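**Student:**
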Amino acid sequence: MISLDPKSDQAKEPTIALINVVFLMLVFFMIAGSIAPPLSNSVQLAETRDLEGREPPDALVIRADGVLEYRGAELTSVGAYVDRAALELPLDSVRVVPDRALPATELVKVSTELRGLGAKKIFVVTERALQ
């Protein structure tokens, strides 16, 4: 005889459980975000604008007039920097600290020379201000 009992052989998909988990996570993050108090308006953050900055010791410094410096000594060319720095550092990554008033063409010229002499990565160190 034919059984009229509707038993399904298919396994139930866990979509309802997945939806419940997603909604619980949503509620959790909404509550966690509202618990953290905002910064009080009476608090003034410290300013570092007037502090004397120093360049990293292994960086090539380029002054506004285009003069190169490495560890406080003036250099005659980019090749002199590579000769001096290669004794202590690999040329995998070179840090360049340009003066704010240095023309961009001069910075590109120095970067191109560094690439030609074997520098793989060139990092330009800049000032980042919170305003």
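To convert, take the position in the sequence shown, counting from 1, and add 15; that gives the working numbering. Note that the Cβ used here is the ideal one computed from N, Cα and C, for glycine as well. As the structure is a computational prediction, the values presented were derived from the model and not from experiment.
Could you give the DSSP three-state label for V76: helix, strand or coil?
**Tutor:** Three-state DSSP puts V76 in a strand.
**Student:** Considering S108, what are the terminal residues of the beta strand (DSSP E) in which it resides?
**Tutor:** Counting along the chain, the beta strand (DSSP E) containing S108 begins and ends at 108–113.
**Student:** Going by C-alpha to C-alpha distance, which of V112, I31, S108, A88 sits closest to L132?
**Tutor:** Residue S108 is the option with its Cα nearest to L132.
**Student:** Measure the Cβ-Cβ separation of V111 and A79 and say whether it is below 8 Å.
**Tutor:** No; because the gap between Cβ atoms is not below 8 Å, this pair is not in contact.
**Student:** Roughly how many angstroms separate the alpha carbons of Y96 and L104, rounded to a whole number?
**Tutor:** Going by the C-alpha atoms only, they are around 11 Å apart.
**Student:** Taking DSSP as the reference, what is the three-state secondary structure of E121?
**Tutor:** The answer is helix: DSSP assigns E121 an H, G or I state.
**Student:** Assuming L106 contacts A134 under a Cβ cut-off of 8 Å, what Cβ separation, rounded to an integer in Å, is found between them?
**Tutor:** Correct: roughly 5 Å between the Cβ atoms.
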